[in-house]
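K.L.:
Every number in our numbering is 64 more than the matching position in the sequence shown, counting from 1. Positions of the beta carbon are idealized from the N, C-alpha and C atoms, including for glycine. Just so it is clear, the structure is predicted and the values come from calculations on it, not from any experiment.
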Amino acid sequence: MDNNSDAIEQTRSGALDFANFNMGPMGPIVPAANVLSLPFIFRSPDDMYRVMDGEIGERFADALAEKNLIVLSWFGSGARSLYNTDHPVETPDDVEGLKVRVMNNDLYVQMIDEMGGNATPMAYGEVYQSLKTGVIDGAENNYPSYESSGHYEVANYYSLTEHLILPECLCVAKASWEELSEKDRQAIREAAEDAAKEQRALWEEGVQASKQKILDAGVKINEVDDKSAFQAKMQPIYDQFVQEHPELESLVTDIQDAQS
65 MDNNSDAIEQ TRSGALDFAN FNMGPMGPIV PAANVLSLPF IFRSPDDMYR VMDGEIGERF
125 ADALAEKNLI VLSWFGSGAR SLYNTDHPVE TPDDVEGLKV RVMNNDLYVQ MIDEMGGNAT
185 PMAYGEVYQS LKTGVIDGAE NNYPSYESSG HYEVANYYSL TEHLILPECL CVAKASWEEL
245 SEKDRQAIRE AAEDAAKEQR ALWEEGVQAS KQKILDAGVK INEVDDKSAF QAKMQPIYDQ
305 FVQEHPELES LVTDIQDAQS
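1) Would the beta-carbon of Ser141 fall within 7 Å of that of Glu204?
2) Candidates Asn148, Val271 and Lys196: which alpha carbon is nearest Asp158's?
3) If you compare alpha carbons, which of Leu234, Val306 and Val173 is closest to Phe82?
4) Output yes or no for whether 7 Å exceeds the beta carbon distance between Leu162 and Gly202.
5) Assign Asn205 to one of three DSSP states: helix, strand, or coil.
6) Please identify the residue among Ile72, Arg76 and Gly78 whose C-alpha is closest to the C-alpha of Gly88.
7) Of the residues Asp177, Asp170 and Trp138, which one's Cα is nearest the Cα of Pro156?
8) Considering only C-alpha positions, which residue in the set Ser240, Ile319 and Asp111 is nearest to Val135?
9) If I measure Cβ to Cβ from Thr75 and keep anything under 7 Å in the same chain, skipping five residues before and after, which residues do I get?
10) Using alpha carbons as the reference points, say which of Phe305, Phe294, Leu230 and Ser77 lies closest to Glu130.
11) Would you mind stating whether Met116 and Trp138 have Cβ atoms separated by less than 7 Å?
12) Could you tell me the boundaries of the alpha helix (DSSP H) in which Pro319 lies?
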């Protein structure tokens, strides 16, 4: 298992009392979490925070509680964007023909395929050499990962598509939570909410530091001013997802409506 999946299982079983993990790998355990992996479901990190801090976030928390995970607060992990070795991505047409590494998730594969690219699931550790040798043309990730991995050294076009904005969960094992007094629970919740504020601020500081480093290295960063063309390309993915998971259609719609 990867680190996130391992942390999830150990926390569910009570082997870990607390853990922080990304919601991306949560889908096999909590099907509703797959909604968060739909491309462009969130318009920006700030929209994601606002949605997850409200009633919709409580619905996800209820679903996790059924699987022995008590949500304390929601952390951020940035916005993932496309980068490649050849040219800026301004529209979906700019992805056509590119071999793009994605995480091993059918939704991410479909996302690249719908834009005319060739999605290539690949271990993260193989991406640098694959970019360098031309096995792949590009990949997608957030600023800090793009910088710390050194991918910017071999793929110096970074396009702010922000197609995937996944929250992270600070959770406690249900068994551990049930052993706490109400006073202790309240104190832990307050500390977790403070931790979320601090984490989000520190993450943004890290984003700006990574952005400056890659700019200094000569990376060409371009804004994607109009994401509607990308969002339109994703409609078949949404249609298929709702067809396969009709019980989640209202959740998808509510997240979209909360940002309108």
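P.N.:
Well, looking at it:
1) In this structure, Ser141 sits away from Glu204, with a CB-CB distance that is not shorter than 7 Å.
2) Per the Cα distances, Asn148.
3) The option with the nearest alpha carbon to Phe82 is Leu234.
4) Cβ atoms of Leu162 and Gly202: closer than 7 Å.
5) The answer is strand: DSSP assigns Asn205 an E or B state.
6) Out of Ile72, Arg76 and Gly78, Ile72 has the C-alpha closest to the C-alpha of Gly88.
7) Cα-wise, what sits closest to Pro156 is Asp177.
8) Closest in C-alpha terms to Val135, from the list Ser240, Ile319 and Asp111, comes Ser240.
9) So the list reads Ala83, Leu133, Cys235 and Ala237, once near-sequence residues are dropped.
10) If we check each option's Cα against that of Glu130, Ser77 comes out closest.
11) Cβ distance < 7 Å, so Met116 and Trp138 count as in contact.
12) Before going further, note that residue 319 is Ile rather than Pro in the sequence given. Glu313 to Asp321 is the extent of the alpha helix (DSSP H) around Ile319.
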